[in-house]
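Asks: Have a look at this one before I ask anything.
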Amino acid sequence: MKQLTNNSAITGAAFLMATSAIGPGFLTQTTVFTQSLLASFGFVILISVLLDIIAQLNIWRILAVTGKRAQDIANEVVPGLGYLLALLIILGGLAFNIGNIGGCGLGLNVLTGISNTTGAIISCGIALFIFWMKEFSSLMDGFTKVLGILMILLTLYVAISSTPPVMDAIHYSFVPEQINAKAIVTLVGGTVGGYICFAGGHRLLDAGLTGVNSLPQVSKSAVTGICVTAVMRIVLFLAVLGVVSKGHLLDSVNPPASVFKIAAGELGYRFFGVVMWCAAITSVVGAAYTSVSFLRTFHPWIENNYRILISVFILSSTLIYISIGNPVSILVTVGSLNGLILPIALAVMLIIMQRKKIEGYQHAKWLSICGWIVVAVMTYMSFLTIKDWLN
134 MKQLTNNSAI TGAAFLMATS AIGPGFLTQT TVFTQSLLAS FGFVILISVL
184 LDIIAQLNIW RILAVTGKRA QDIANEVVPG LGYLLALLII LGGLAFNIGN
234 IGGCGLGLNV LTGISNTTGA IISCGIALFI FWMKEFSSLM DGFTKVLGIL
284 MILLTLYVAI SSTPPVMDAI HYSFVPEQIN AKAIVTLVGG TVGGYICFAG
334 GHRLLDAGLT GVNSLPQVSK SAVTGICVTA VMRIVLFLAV LGVVSKGHLL
384 DSVNPPASVF KIAAGELGYR FFGVVMWCAA ITSVVGAAYT SVSFLRTFHP
434 WIENNYRILI SVFILSSTLI YISIGNPVSI LVTVGSLNGL ILPIALAVML
484 IIMQRKKIEG YQHAKWLSIC GWIVVAVMTY MSFLTIKDWL N
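Per our numbering, residue 134 is the first one in the sequence shown, and the count goes up by one each step.
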């Protein structure tokens, strides 16, 4: 029974992380970058996946071996840093959750014709229902798995319908005609940036998967999460490539929707509604769960009442969306700051492993070296992004 529970938590953590990454922004970014880079975007996906795996393996293994959440580890490195990290995570999670709630509304609008606002309210109710169920952890795991698989299958149908130039995609994934550094950083930030890199790691801690003996399972879960995200990214990339390679122009207001409609007609457009809703609602669940997990160790009252805080988080996102829609300026500003979370968090994890000696465990040197390379690259690119924003 315990083994079954562990297996459920391992795959559940992987899908919680993956579906947190696959949100409305994921769909739009992948579509827009494919439209501009064409088959060479395959190279961007390949490099970003390698960076994602390095970052996530470092963070999840260190969380598991220490048995502590990221905010507590950060406070050990520099007193007060954990509170700052929690603040950044919550602000970023709240801002992007407004967009996720908007994505829920759009998805149900495409499917049923109801207004975006009504769709957002219905989706808010579904998310709240999940967290107030007695066995919400198991329900959350199953919910993200089923919807994650559904998203991939529907997008695969559209990809096949678009008849993409697969051989060109494979060729230019290894020999690109152009390399776009900003696209690489955007994909890495969107996959393991902000709260996303902790979603599955904190889920495994809640499931009790800690200590040196758990590391093989933790590593498997971490890599699986990245692979699920990569599969969705590749399938969507091929769908878009099939459409744009034939000379079709995408709708600038909603590029992903036009891809689905051009490739598979009215059925494809309905599939987009399903994919958008699945992507958005699972991101709502992941953002709420992970953001509040950064507060749970600060005070016993928070730990005992975390479901109330999760509910407040989801309700706040919904009310802000209903009141003012998607606040683009807030999303852009917080998004720039959110890009700094990955290098800060990863640096903290690597520093604690240099200071802390854990019996029976030595953090692999290759992981540490590669981790510091990711820190350096993401810090530099985040600095350039914020500099452009300030100008």
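Just so it is clear, CB atoms sit at the ideal spot from N, CA and C, and this is done for glycine as well.
(1) Would you give the residue range spanned by the alpha helix (DSSP H) that residue 167 belongs to?
(2) Just verifying my parser: in three-state terms, what is the DSSP assignment at residue 494?
(3) Could you compute how far the alpha carbon of residue 300 sits from the alpha carbon of residue 175?
(4) Should residue 529 and residue 192 be called a contact, given that it needs their Cβ atoms to be closer than 8 Å?
(5) Can you tell me where the alpha helix (DSSP H) with residue 432 in it begins and where it stops?
(6) When the Cα of residue 296 is compared with those of 248, 484, 403, 395, which residue comes out closest?
(7) Where residue 137 and residue 378 are concerned, what is the direct C-alpha to C-alpha distance, given to the nearest angstrom?
(8) I want to see whether chain C comes within less than 8 Å of residue 291, judged by CB atoms only; does it?
(9) Give the secondary structure of residue 312 by DSSP, where H, G and I count as helix, E and B as strand, and everything else as coil.
(10) Note down, in chain order, each residue of its chain lying with its Cβ closer than 8 Å to the Cβ of residue 197, except the 5 sequence neighbours on either side.
(11) If contact is defined by three or more beta carbon pairs under 8 Å, each pair taking one atom from either stretch, is the stretch 153-168 in contact with the stretch 354-371?
(12) For residue 273, tell me which candidate among 450, 179, 149, 476 has the shortest Cα-Cα distance.
(13) Can you tell me whether residue 398 is buried or exposed? The criterion is at least 16 other CB atoms within 10 Å of its CB, across all chains shown.
(14) Do you know offhand how far residue 447's Cα is from residue 275's?
(15) Counting only the same chain and skipping the five closest in sequence on each side, list residues whose C-beta sits under 8 Å from that of residue 135.
(16) Looking only at C-alpha atoms, which of 436, 179, 439, 511 sits nearest to residue 306?
(17) Is DSSP giving residue 246 helix, strand or coil here?
(18) Apart from the five residues just before and just after residue 269, which ones in its own chain have a Cβ nearer than 7 Å to its Cβ?
(19) Around the Cβ of residue 266, are there at least 16 other Cβ atoms within 10 angstroms (buried) or fewer (exposed)?
(20) Please return the same chain residues whose Cβ sits closer than 6 Å to the Cβ of residue 315, not counting the five positions on each side in sequence.
(21) Comparing C-alpha positions only, which one of 517, 205, 318 sits nearest to residue 478?
(22) Under the three-state reduction of DSSP, which class applies to residue 381: helix, strand or coil?
(23) Which class does residue 403 belong to by DSSP, given the choice of helix, strand or coil?
(24) Could you say if the stretch 210-225 and the stretch 494-504 meet the contact criterion of at least three C-beta pairs nearer than 8 Å?
(25) Per DSSP, what kind of secondary structure is residue 146 in: helix, strand or coil?
(26) Helix, strand or coil for residue 141 per DSSP?
(27) Are the stretch 406-415 and the stretch 280-292 touching by the rule of at least three beta carbon pairs closer than 8 Å?
(28) Can you have a look at residue 362 and say buried or exposed, based on whether 16 or more other CB atoms are within 10 angstroms of its CB?
(29) If you run the structure through DSSP and keep just helix, strand and coil, what is residue 520?
(30) Which residues bound the alpha helix (DSSP H) around residue 209?
(31) So residue 403 packs on residue 517, CB below 8 Å; how close in whole Å?
Replies: In short:
(1) Start at 1 with the first residue of the sequence shown, and residue 167 comes out as number 34. Where residue 167 is concerned, the enclosing alpha helix (DSSP H) stretches over 157-170.
(2) In the sequence shown, residue 494 corresponds to position 361, counting from 1. Three-state DSSP puts residue 494 in a strand.
(3) On the sequence shown, residue 300 is found 167 positions in, with the first residue counted as 1. On the sequence shown, residue 175 is found 42 positions in, with the first residue counted as 1. Cα-Cα distance, rounded: 11 Å.
(4) Here the chain has residues from 134 to 524 only, and residue 529 is not among them.
(5) Residue numbering aside, residue 432 sits at position 299 when the sequence shown is read from its first letter. Per DSSP, residue 432 belongs to no alpha helix (DSSP H) and is neither H nor E.
(6) Within the sequence shown, the letter at position 163 stands for residue 296. The shortest Cα separation from residue 296 among 248, 484, 403, 395 belongs to 395.
(7) Within the sequence shown, numbered from 1, the residue matching residue 137 stands at position 4. Within the sequence shown, numbered from 1, the residue matching residue 378 stands at position 245. Because the pLDDT of residue 137 is 46, which lies under 50, any placement of that residue in the model is unreliable, and the number read from its coordinates should be weighed accordingly. Residue 137 and residue 378: Cα-Cα distance of roughly 46 Å.
(8) The structure shown contains no chain C, having only a single protein chain.
(9) The residue you call residue 312 lines up with position 179 of the sequence shown. Here residue 312 sits in coil by DSSP.
(10) As a working mapping, residue 197 is identified with position 64 in the sequence shown. Contacts found: 334, 337, 338, 342, 343, 344, 347, 348, 351.
(11) yes
(12) In the sequence shown, counting from the first residue as 1, residue 273 sits at position 140. The option with the nearest alpha carbon to residue 273 is 149.
(13) The residue given as residue 398 occupies position 265 in the sequence shown. Its Cβ having fewer than 16 others within 10 Å, residue 398 is exposed.
(14) Residue mapping note: residue 447 aligns to position 314 of the sequence shown, counting from 1. Residue mapping note: residue 275 aligns to position 142 of the sequence shown, counting from 1. Answer to the nearest angstrom: the Cα atoms are 20 Å apart.
(15) As a working mapping, residue 135 is identified with position 2 in the sequence shown. Confidence in residue 135 is poor, its pLDDT being 49 and thus under 50, which makes the residue's placement unreliable; the coordinate value appears in the next sentence. For residue 135, where only same-chain residues beyond five positions count, there are no Cβ hits under 8 Å.
(16) Here the question's residue 306 lines up with position 173 in the sequence shown. Out of 436, 179, 439, 511, 179 has the C-alpha closest to the C-alpha of residue 306.
(17) As a working note, residue 246 is residue 113 in the sequence shown. Reduced to three states, the DSSP call for residue 246 is coil.
(18) Working through the sequence shown from its first residue, we reach residue 269 at position 136. Here the set comprises 263.
(19) The sequence position of residue 266 within the sequence shown is 133, counting from 1. By the neighbour-count rule (16 or more Cβ atoms within 10 Å), residue 266 is not buried but exposed.
(20) Position 182 of the sequence shown, counting from 1, holds the residue named residue 315. So no residue of the chain qualifies.
(21) Here residue 478 refers to the residue found at position 345 when the sequence shown is read from its first residue. The candidate whose alpha carbon is nearest that of residue 478 is 205.
(22) In the sequence shown, the residue the question calls residue 381 occupies position 248. Residue 381: coil per DSSP, three-state reduction.
(23) Walking along the sequence shown from the start, residue 403 turns up at place 270. It is helical.
(24) no
(25) Position 13 of the sequence shown, counted from the start, is the residue given in the question as residue 146. If DSSP states are grouped into helix, strand and coil, residue 146 belongs with the helices.
(26) The residue labelled residue 141 in the question sits at position 8 within the sequence shown. Residue state, collapsed to three classes: helix.
(27) yes
(28) One-based indexing of the sequence shown puts residue 362 at position 229. When all chains shown are included, residue 362 counts as buried.
(29) The count along the sequence shown starts at 1 and reaches residue 520 at position 387. Residue 520 falls in the helix class under three-state DSSP.
(30) For this step, residue 209 is matched to residue 76 along the sequence shown. Here the alpha helix (DSSP H) through residue 209 covers 203-210.
(31) Residue mapping note: residue 403 aligns to position 270 of the sequence shown, counting from 1. Residue mapping note: residue 517 aligns to position 384 of the sequence shown, counting from 1. Actually they do not touch by this definition, with Cβ atoms about 40 Å apart.
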